[in-house]
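Protein chains in written order, with our numbering: chain P, 446 to 687; chain F, 144 to 427.
A short write-up of the structure that comes next.
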């Protein structure tokens, strides 16, 4: 996997199983975001193979099955947009792209806003919301497509503890509902009780893949003794994405 | 055609102002009204993507096209539209490749367009007055073909903007997530760039190449200070664009200045008033 002039990821073997809650840990520049973008087809693979729900990436079309929450400082934009409009954009993978939105779209947006507890903010301009609320709007946008897998890149960075906890509660609920969650983070933090599996990236290589360990709290994850363990390889009978 | 002609005349006979009796003013007002509603409908997506100056870049390239038209002794309108489309595609590709920063790509196109235009104008020995009418617009220059072209472009561009509004919003709001949803981001960006290019090429007779891009951006910039949603901004910009364009042409008639100048000055007044109003509302 090459990104620009440097190889960003190498020898990564990764499978996401249905209903898993995986946290992808690593320090800055370890390749976490690149890996997530590669899984979404946003950056090209130089070598290797990527299957999404059992289909090679090139032929995969059911993008509605994946909800993506990018790493982002804010949801503000050039022209004001309200919460409903931003969340509605998440419906494009599921519904028609031209003309006005349908009743199904409106219902899905409403459900998504309910899940993140933002229904009453529907008509508010996203620029005027707090950082935590903007983050919830972006999660609702991903949920509006009714995805089977939710991919979140550093959703808790820059969000205060109270909102981190409510976000963790929301993610836990979604995961119990049968959705897989792949979450990129610096450290486990508030999501620790939810995580079923932790993957640690160090300089583009998987240095740990297994049960989350308490020590992974430590921000110096790459010094962890388990980092010498070779990456586990998973067979993929269920055909999960990745 | 007789019915159309009598409807046209009947419509203008109801107009109480003396400028309505002039045929050139009737044509200029219609052309300006079409520019006014069409330009912001596509410009809003440029503002959303923080590419407000893209229209200006395309306008500069259109100037090269006009000059090429004079040199080749063909219709400058056609060569301007061709050049504008090529310029728009060049900006979009340079931006997408990411090798050149968006603003550097625009700078190259700005200066290249004006320099090449001036060079070709020199070679074709076009008179300076003729050049000025293309740069800043000219009421007397609008003929029936211009109106029909503007009407055609308005229908197509407004159709694209309205029909594809949701997906164009998604792309200009968050290109990466749109791509991850399987939306053909590149195609849609090119659709917006080409629509902007055609709008600029066709409307340059009224507003002028140097100022037409102001109508893409300024109504949106004014209205968005007072709105809370994208849809409200969209509708409001079209309405404001229409009012400013018509008022600008009327002002141009009375003060005998290029219509491009009066229209864009009107847009700037609207922008300042909107800022003052938004600030006052924020304080209260």
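C-beta atoms are modelled at their ideal positions from N, C-alpha and C, and glycine is treated no differently.
All values reported here derive from a predicted model rather than from experimental measurement.
Query	Result
From F:389, F:392 and F:355, residue whose alpha carbon lies closest to that of residue 203 of chain F	F:355
Segment limits, alpha helix (DSSP H) that includes residue 696 of chain P	Here chain P covers residues 446 to 687 and nothing more, so residue 696 of chain P does not appear.
Nearest residue (CA-CA) to residue 282 of chain F, options F:306, F:387 and F:172	F:172
Under 9 Å by beta carbon: chain F residues contacting residue 570 of chain P	370, 371 and 372
Residue of F:375, F:367 and F:384 minimising C-alpha distance to residue 359 of chain F	F:384
Cβ of residue 542 of chain P within 8 Å of any chain F Cβ	yes
Beta-carbon spacing of residue 585 of chain P, residue 644 of chain P below 8 Å	no
Residue-level contact to chain B via CB, residue 527 of chain P, 8 Å cutoff	Absent here is chain B; the protein component of the structure consists of chains P and F.
Supposed contact pair residue 232 of chain F and residue 343 of chain F - C-beta distance, whole angstroms, cut 8 Å	At roughly 14 Å, the Cβ-Cβ gap does not stay under 8 Å, so residue 343 of chain F and residue 232 of chain F are not in contact.
Where residue 527 of chain P falls, given that 16 or more other Cβ within 10 Å makes a residue buried	buried
Residue 154 of chain F, buried or exposed, once every other Cβ within 10 Å from all chains shown has been counted against 16	exposed
Listed by chain order, chain F residues near residue 515 of chain P by CB distance under 7 Å	319 and 320
C-alpha distance - residue 422 of chain F paired with residue 376 of chain F, whole-angstrom precision	18 Å
Alpha helix (DSSP H) segment containing residue 228 of chain F, residue limits	219 to 240
C-beta neighbour in chain F for residue 522 of chain P, strict 8 Å	yes
Residue 531 of chain P: contacting residues in chain F (beta-carbon distance under 8 Å)	316
Beta-carbon separation (whole angstroms), residue 263 of chain F vs residue 207 of chain F, contact threshold 8 Å	7 Å
Chain-ordered chain P contacts of residue 174 of chain F [CB-CB under 8 Å]	Near residue 174 of chain F there are no residues of chain P at all, since even the closest Cβ is about 27 Å away, more than 8 Å.
Neighbourhood of residue 550 of chain P by C-beta, 7 Å cutoff - its chain only, sequence neighbours within 5 removed	533, 536 and 540
Reduced DSSP secondary structure (H/G/I, E/B, other) of residue 492 of chain P	coil
Helix, strand or coil at residue 599 of chain P according to DSSP, with G and I counted as helix	coil
Extent of the continuous beta strand (DSSP E) to which residue 581 of chain P belongs	Taken as a continuous stretch (DSSP letters only), residue 581 of chain P belongs to no beta strand (DSSP E), being part of the alpha helix (DSSP H) at 576 to 589.
Run of the alpha helix (DSSP H) containing residue 202 of chain F, from where it starts to where it stops	197 to 215
Beta-carbon spacing of residue 200 of chain F, residue 189 of chain F below 8 Å	no
Residue 532 of chain P in three-state terms, based on DSSP	helix
Helix, strand or coil at residue 470 of chain P according to DSSP, with G and I counted as helix	strand
Any chain F beta carbon closer than 8 Å to residue 588 of chain P	no
Three-way DSSP call (helix, strand, coil) for residue 445 of chain P in this model	Here chain P has residues from 446 to 687 only, and residue 445 of chain P is not among them.
Check whether residue 608 of chain P and residue 577 of chain P have beta carbons under 8 Å apart	yes
Length of the line joining the Cα atoms of residue 387 of chain F and residue 639 of chain P	57 Å
Reduced DSSP secondary structure (H/G/I, E/B, other) of residue 640 of chain P	coil
Simplified DSSP assignment, three categories, for residue 461 of chain P	coil
Inter-residue CB distance, residue 410 of chain F and residue 365 of chain F (contact presumed, cutoff 8 Å)	7 Å
Residue range of the unbroken alpha helix (DSSP H) whose run includes residue 288 of chain F	287 to 306
Closer than 8 Å to chain F by CB, residue 681 of chain P	Annotation note: pLDDT 40 at residue 681 of chain P (below 50); position unreliable, coordinate value reported separately. Residue 681 of chain P does not count as touching chain F.
Alpha carbon of residue 461 of chain P to alpha carbon of residue 597 of chain P, nearest angstrom	14 Å
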